[in-house]
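Written below as structure tokens is the structure these notes are about.
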Amino acid sequence: MDLLSIGRIAGTLTTWWWLLLSLAFFLYIATDGTDLGAGIFAVFSKDEEERGAIMASMAGMWDGNESWLVVAGGVLFGAFPLVYGSAFNYLMIPLMFALWGIIARAVAFEFHIHAKKSKRFWGWAFAVGSLFATFFAGVSLGATLQGFPMKSGLAMQPALAAHGVFAQNYTTPIMHFSGGILDFLTPFSIWTGVGAVIAASLAGGLYLCARFIPGDPIHERARKWTNVVSLLALAAIVITLVWSYALFPWAAAKWTGSDWWIWLIWFIIVLIFAFKSSTNHSVRKDFSAMMWGIGVVALLWAAMWATIFPYVVPNTWTIVQAANPADSIAVFTLFMTGFFPIMIMYNWYQIWVFRGRFSKKMAYGAH
Numbered sequence: 001m002d003l004l005s006i007g008r009i010a011g012t013l014t015t016w017w018w019l020l021l022s023l024a025f026f027l028y029i030a031t032d033g034t035d036l037g038a039g040i041f042a043v044f045s046k047d048e049e050e051r052g053a054i055m056a057s058m059a060g061m062w063d064g065n066e067s068w069l070v071v072a073g074g075v076l077f078g079a080f081p082l083v084y085g086s087a088f089n090y091l092m093i094p095l096m097f098a099l100w101g102i103i104a105r106a107v108a109f110e111f112h113i114h115a116k117k118s119k120r121f122w123g124w125a126f127a128v129g130s131l132f133a134t135f136f137a138g139v140s141l142g143a144t145l146q147g148f149p150m151k152s153g154l155a156m157q158p159a160l161a162a163h164g165v166f167a168q169n170y171t172t173p174i175m176h177f178s179g180g181i182l183d184f185l186t187p188f189s190i191w192t193g194v195g196a197v198i199a200a201s202l203a204g205g206l207y208l209c210a211r212f213i214p215g216d217p218i219h220e221r222a223r224k225w226t227n228v229v230s231l232l233a234l235a236a237i238v239i240t241l242v243w244s245y246a247l248f249p250w251a252a253a254k255w256t257g258s259d260w261w262i263w264l265i266w267f268i269i270v271l272i273f274a275f276k277s278s279t280n281h282s283v284r285k286d287f288s289a290m291m292w293g294i295g296v297v298a299l300l301w302a303a304m305w306a307t308i309f310p311y312v313v314p315n316t317w318t319i320v321q322a323a324n325p326a327d328s329i330a331v332f333t334l335f336m337t338g339f340f341p342i343m344i345m346y347n348w349y350q351i352w353v354f355r356g357r358f359s360k361k362m363a364y365g366a367h
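Per the UniProt record's numbering: the sequence shown ends with 367, consecutive numbering throughout.
Next comes the structure, spelled out in structure tokens:
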């Protein structure tokens, strides 16, 4: 096989993992985003019984939902190691706080059910941890869209052997992280953190409506919560799009280029999905409303991923530049691609098994 064919295969596999990375992040947002949003709702709960009931409603699914974040991290490490390494330099602080939030939630789930005097503490740990994880994950996304601060340095490379051709020692440019510890913190990244909280709050409200019996106190409060947050979410989408258009030339060039009409149609479809979610919610078709809402997230996420193409980190690395060498990504593809359908089936089975509705008293009694 010649080098050109190897390069084409490597490019195809790299694009494949770029798509699977998008899928892993989306499935995390779609599944655990509802849990996080329900946790944000719990910040404003009136009593500990309500927080405990909310925790009980997701007790059989939250760990499986969070596993998609581990999968996404594994894809980054295995397929795009440069991004993985630099992200934990540039985004050390927001990722640290997001991780602490996730840990607080996980510990709270396990301790709350057994606690007696400290139930209130663990209920608040779950609620505040959900808020922290969502906000700082949103900050990390906004900072990533602005690109990683990198510079090129020189490093001596040993002799390489590839397909029987040996190269002498030579000096080649190596990219190094060059930013400061607070470079991630910008008005745009703070806004994306706020936007993530708004989006998760809407998803959490729709989830609670679908999980609790109509007429139950949590169901009725979640309905009112969702009616308000849905308007905030629509405003947040518009603000983010306008700000992105003004801030990112690469986004503006795509959205107003020769294919502008495709983006316009896509946005109209987003509005249709949002309208369907709202109308289903108004007639108490709670599960349908939640699924239409997840459809909105899917459309927006796909649009963002298409906008940054061919970059994996805008203005920093293209998909090819950030990818592992051809032989490594081929082995990674061989052994790890099949993991995705297994995970999807596992998630679906969890949702099916724990699909029943709760009441506040019933759920709290189990947690």
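Backbone N, C-alpha and C define an ideal beta-carbon position, used for all residues, glycine too. Nothing here was measured: the structure is a model prediction, and the numbers come from that model.
Just measuring C-alpha positions, the residue of 115, 287, 301 and 136 sitting nearest residue 91 is 136. The beta-carbon distance between residue 206 and residue 293, rounded to whole angstroms, is 5 Å. This is short enough to meet the 8 Å contact definition. Selection 324, 223, 218 and 348 evaluated against residue 54 yields 218 as nearest (Cα-Cα).
Taking residue 81 as reference, the option from 105, 334, 98 and 18 with the minimal CA-CA separation is 18. The shortest C-alpha to C-alpha distance from residue 76 to any of 244, 66 and 88 is the one to 88. Annotation for residue 288: 280 place their beta carbon closer than 6 Å to its own, counting only its chain and skipping 5 residues before and after. Per the DSSP secondary-structure output, residue 228 pairs with nothing in a beta bridge. Straight through space, the alpha carbons of residue 15 and residue 323 are spaced by roughly 9 Å. Secondary structure of residue 283 (DSSP, three-state): coil. In terms of Cβ geometry, residue 204 and residue 38 form a close pair [threshold 8 Å].
Just so you know, the alpha carbons of residue 68 and residue 56 end up roughly 21 Å apart.
With fewer than 16 other Cβ atoms from the protein chains shown falling within 10 Å of its own Cβ, residue 12 counts as exposed. Residue 328: member of the alpha helix (DSSP H) spanning 326-336, first to last residue. Contact between residue 20 and residue 340 holds, with the beta-carbon distance rounding to 6 Å and staying under 8 Å. Bounds of any alpha helix (DSSP H) do not take in residue 113, whose DSSP letter is neither H nor E.
The region 132-147 makes contact with the region 305-318; the number of CB pairs closer than 8 Å reaches 3 or more. 8 Å or more divides the Cβ of residue 266 from the Cβ of residue 231.
In terms of Cα proximity to residue 129, the closest of 36, 332, 209 and 333 is 36.
Taking residue 140 as reference, the option from 104, 114, 110 and 195 with the minimal CA-CA separation is 195. Under the DSSP assignment, residue 345 falls in the alpha helix (DSSP H) whose first and last residues are 339-353. In the DSSP assignment, residue 188 falls within the alpha helix (DSSP H) that extends over 187-211. Counting C-beta atoms within 10 angstroms of its own C-beta, residue 28 has 16 or more neighbours from the protein chains shown and is therefore classed as buried. Nearest to residue 295 by C-alpha distance, out of 271, 8, 333 and 308, is 271.
Your pair residue 64 and residue 346 checks out as a contact, with CB atoms roughly 6 Å apart and the cut at 8 Å.
Minimum Cα-Cα distance from residue 49 among the listed residues 297, 127 and 262 corresponds to 127.
C-alpha of residue 197 to C-alpha of residue 333: approximately 34 Å in a straight line. The Cβ neighbour count for residue 225, taken over all protein chains shown within 10 Å, is at least 16; the residue is labelled buried.
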